[in-house]
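The next block holds one structure in the form of structure tokens; read it before the comments.
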Amino acid sequence: MARAEGLADAGIVALAGMRIGIGALAWANPELTSRLFGFPAPDAQGRYLWRLFGVRDLAVGLGTVTSSGDRRRTWARVGMACDVADGAAGVLGRGGVSPASAAAMIGVPAAAVGFGAWALRPRG
1 MARAEGLADA
11 GIVALAGMRI
21 GIGALAWANP
31 ELTSRLFGFP
41 APDAQGRYLW
51 RLFGVRDLAV
61 GLGTVTSSGD
71 RRRTWARVGM
81 ACDVADGAAG
91 VLGRGGVSPA
101 SAAAMIGVPA
111 AAVGFGAWAL
121 RPRG
């Protein structure tokens, strides 16, 4: 039981670490982030939007890794809610982008939701 809880907590921290990395990159270098997601180079408005996304993921990731116990699980749920919303936004916006970008817009948050659901599943 303790091993399963430790593994789940490690998964939550790993996902938070990915959020911190992606968030920091999006905030510091929106052009590179845009390319990694398969989008064209952003204009000034696009850079602003990447930075909004970046600071959100950075804040959720830092909240997760700096907390513990039930608070950490709450932060992880907040992150999962963001991932669900991101995936829904990907579904709504998939028509005007390349198939590879659409796959990233839907697949990346879907994978994060699946991983988060596994880590947050009830144990016992």
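Residue 40 in the UniProt record's numbering is what sits at position 40 of the sequence shown, and the numbering runs on without skipping anything.
All C-beta atoms in this analysis are idealised placements derived from N, C-alpha and C, irrespective of residue type, glycine included.
1) Which residue wins for smallest C-alpha separation from S98, given the options A88, A8, G38, W50?
2) Measure how close the beta-carbons of G79 and R19 come, nearest whole angstrom, since I'm counting them as under 8 Å.
3) Kindly indicate which three-state DSSP category R3 falls into: helix, strand or coil?
4) Note down the Cα distance separating S34 from D70, rounded to an integer number of angstroms.
5) With the cut-off set at 8 Å, would you say G23 and G63 are in Cβ contact?
6) Nearest by alpha-carbon distance to A100: which of A10, P30, L36 is it?
7) Are the Cβ atoms of I12 and A76 separated by less than 8 Å?
8) Measure the C-alpha to C-alpha separation of R72 and G6 and round it to an integer number of angstroms.
According to the data block:
1) In the sequence shown, the residue the question calls residue 98 occupies position 98. For the residues A88, A8, G38, W50, the minimum Cα distance to S98 belongs to G38.
2) For the purposes of this step, residue 79 is taken as residue 79 along the sequence shown, with counting starting at 1. For the purposes of this step, residue 19 is taken as residue 19 along the sequence shown, with counting starting at 1. About 6 Å separates the two Cβ atoms, so the contact holds.
3) By 1-based counting over the sequence shown, the position of residue 3 is 3. Note: R3 maps to helix in three-state DSSP.
4) Translated into the one-based positions of the sequence shown, residue 34 becomes position 34. Translated into the one-based positions of the sequence shown, residue 70 becomes position 70. Answer to the nearest angstrom: the Cα atoms are 34 Å apart.
5) Position 23 of the sequence shown, counting from 1, holds the residue named residue 23. Position 63 of the sequence shown, counting from 1, holds the residue named residue 63. No, Cβ-Cβ distance for G23 and G63 is not below 8 Å.
6) As a first step, residue 100 must be located in the sequence shown, where it is residue number 100. The candidate whose alpha carbon is nearest that of A100 is L36.
7) Stepping through the sequence shown from its first residue, residue 12 is reached at position 12. Stepping through the sequence shown from its first residue, residue 76 is reached at position 76. Yes, they are a contact pair.
8) For this step, residue 72 is matched to residue 72 along the sequence shown. For this step, residue 6 is matched to residue 6 along the sequence shown. Rounded to the nearest angstrom, the two C-alpha atoms are 13 Å apart.
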